[in-house]
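Colleague: Residue numbers (the working numbering): 14 to 302.
Take a look at the following structure, please.
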């Protein structure tokens with residue numbers, strides 16, 4: 014488990030973020046200015062409504078301690094490569110999805126450490142671990158922002174090569190995602206079984222609610238169907254791998270993952286169970302638009 018925490022987990026997340034960077038261009042960030050309404054809708058859904066919904070659900074389901082902190086860590090994580098893949102499958106605005114994922118991921122280097130300290134103090138009180146915000150921010154920058162930038166640079170320097178390897182890189186990233194999720198669940202199998210009746214419904218409801226909230230808000234703002242799909246997916250499908258990695262960073266040199274990682278592990282499975290039918294429904298709408 015020590016090698017999982019200190020080597021495999023951060024390197025795997027860095028590779029996943031590198032694969033995200035390969036799909037980003039400077040033009041994706043410029044596009045934000047041209048599509049401000051869709052972008053702002055996505056940001057509000059992800060960075061405001063998602064934590065709010067998660068907090069209400071944690072309170073309603075009576076989840077406390079490390080598991081509650083784990084749910085809240087997940088709620089402040091950005092979307093990941095999966096949200097881009099699902100947006101593509103839904104026929105949504107992929108450029109908007111990539112822009113949201115990229116910019117919110119970069120912002121998370123600052124926002125996630127601050128939120129983690131807040132939620133740990135709120136739900137664990139004096140039992141909360143000591144968290145160095147600066148160290149956590151630097152570590153997140155190293156394993157998230159830096160690989161994204163490197164991916165973007167590599168794409169700009171060798172676009173033809175990236176076009177040939179991007180699908181393979183994305184496939185490897187997907188495999189690493191599965192390995193991390195399975196590893197997190199295996200590490201806390203007894204805790205997982207004991208809390209599945211609570212965590213399962215909570216996280217399933219959270220995915221469903223955020224998909225609906227993202228779609229509804231985009232519709233109220235008059236966005237087109239493809240934009241609604243992008244905002245909905247970005248709101249409902251988060252980077253569970255990052256949630257597990259943040260839990261690992263919190264425990265530092267420990268040889269075991271914190272139970273804070275468990276909600277992200279469970280979520281990594283449920284987001285497909287709940288999200289895929291919703292995405293296929295969106296695909297029918299976007300094809301008819």
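We put the CB at the ideal spot given by N, CA and C, even for glycine.
1) Just to check my reading of the structure: residue 288 and residue 224 have Cβ atoms closer than 8 Å, yes? What is that Cβ distance to the nearest angstrom?
2) Just verifying my parser: in three-state terms, what is the DSSP assignment at residue 104?
3) Around the C-beta of residue 7, are 16 or more other C-beta atoms found within 10 angstroms, so that it is buried, or is it exposed?
4) How would you write the range of the alpha helix (DSSP H) that residue 208 sits in, first residue to last?
5) Less than 8 Å between the C-beta atoms of residue 22 and residue 164, yes or no?
6) Report the CB separation of residue 175 from residue 124 in whole angstroms; it is logged as a contact under 8 Å.
7) Going by alpha carbons, who is nearest to residue 59 out of 220, 263, 168 and 274?
8) For the alpha helix (DSSP H) containing residue 52, name the first residue and the last one.
9) When the Cα atoms are used, what is the spatial distance from residue 292 to residue 217?
10) Pick helix, strand or coil for residue 77, following the three-state DSSP scheme.
11) Just checking my contact of residue 92 with residue 252 at CB under 8 Å: how many whole Å lie between their CB atoms?
12) Excluding the 5 residues flanking residue 266 on each side, which residues of the same chain have their C-beta closer than 7 Å to its C-beta?
13) If you pair each beta-carbon of the stretch 269 to 285 with each one of the stretch 167 to 182, do three or more pairs fall below 8 Å?
14) Using three-state DSSP, classify residue 171 as helix, strand or coil.
15) Give the DSSP-derived three-state secondary structure of residue 92 in the structure shown.
16) Taking Cβ positions, are residue 109 and residue 240 nearer each other than 8 Å?
17) Output the distance between the C-alpha atoms of residue 145 and residue 24, rounded to the nearest integer angstrom.
18) Starting from residue 353 and walking both ways along the alpha helix (DSSP H), at which residues does that stretch end?
Modeller: According to the structure shown:
1) Taking the chain shown and counting its residues from 1, the one referred to as residue 288 is at position 275. Taking the chain shown and counting its residues from 1, the one referred to as residue 224 is at position 211. Right, their Cβ atoms sit about 7 Å apart.
2) Locating residue 104 in the chain shown gives position 91, counting from the first residue. Coil.
3) The question about residue 7 has no answer here: the residues shown for the chain are numbered 14 through 302.
4) As a working note, residue 208 is residue 195 in the chain shown. Counting along the chain, residue 208 sits inside the alpha helix (DSSP H) bounded by residues 202 to 233.
5) Working through the chain shown from its first residue, we reach residue 22 at position 9. Working through the chain shown from its first residue, we reach residue 164 at position 151. The answer is no: Cβ separation not under 8 Å.
6) Numbered from its first residue, the chain shown carries residue 175 at position 162. Numbered from its first residue, the chain shown carries residue 124 at position 111. About 29 Å; that fails the 8 Å criterion.
7) Along the chain shown, one-based indexing puts residue 59 at 46. The shortest Cα separation from residue 59 among 220, 263, 168 and 274 belongs to 220.
8) Counted from its first residue, the chain shown places residue 52 at position 39. From DSSP, the alpha helix (DSSP H) with residue 52 extends over 49 to 57.
9) Residue numbering aside, residue 292 sits at position 279 when the chain shown is read from its first letter. Residue numbering aside, residue 217 sits at position 204 when the chain shown is read from its first letter. Counting only the Cα atoms, residue 217 lies some 15 Å from residue 292.
10) Here the question's residue 77 lines up with position 64 in the chain shown. Here residue 77 sits in coil by DSSP.
11) As a first step, residue 92 is located in the chain shown; it is residue number 79 there, counting from the start. As a first step, residue 252 is located in the chain shown; it is residue number 239 there, counting from the start. Confirmed, Cβ separation roughly 6 Å.
12) Position 253 of the chain shown holds residue 266. Only weak support exists for where residue 266 lies, its pLDDT of 49 falling under 50; the coordinates are left without a value.
13) Taking one beta carbon from each stretch, the stretch 269 to 285 and the stretch 167 to 182 have fewer than 3 pairs nearer than 8 Å; the two do not touch.
14) Taking the chain shown and counting its residues from 1, the one referred to as residue 171 is at position 158. Residue 171: coil per DSSP, three-state reduction.
15) In the chain shown, counting from the first residue as 1, residue 92 sits at position 79. Note: residue 92 maps to coil in three-state DSSP.
16) Numbered from its first residue, the chain shown carries residue 109 at position 96. Numbered from its first residue, the chain shown carries residue 240 at position 227. Cβ distance < 8 Å, so residue 109 and residue 240 count as in contact.
17) The sequence position of residue 145 within the chain shown is 132, counting from 1. The sequence position of residue 24 within the chain shown is 11, counting from 1. Approximately 21 Å between the Cα atoms of the pair.
18) Here the chain covers residues 14 to 302 and nothing more, so residue 353 does not appear.
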